[in-house]
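Just below is one structure, and these are the notes that go with it.
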Amino acid sequence: MRAGPETGEVFERRLTPDHQDILEWVRTLPQPVAATYEAGPAGFGLA
């Protein structure tokens, strides 16, 4: 995840498949947030 074009700072964390865990972490990031998700064939669903 990237804080934005102003800083270009990268925020990275290894997450569990728990949706609440993911949302809690995203809420701690500077807003607005843009995110991508990448996983191999064993990835988990976010929707």
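Residues in the sequence shown are numbered from 2 upward in steps of one, following the working numbering.
The beta-carbon is built from N, C-alpha and C at its ideal position, and this holds for glycine as well.
The model shown is predicted, which means the values in this text are computed figures rather than measured ones.
The Cβ-Cβ distance between Val27 and Ala35 does not fall below 8 Å.
In this structure, the alpha-carbon of Thr8 lies about 21 Å from that of Tyr38.
Shown here for Leu16: same chain residues with a beta carbon closer than 8 Å to its own, the five before and five after excluded, namely Asp22, Ile23 and Trp26 in chain order.
In the DSSP assignment, Arg28 falls within the unbroken alpha helix (DSSP H) covering His20 to Arg28.
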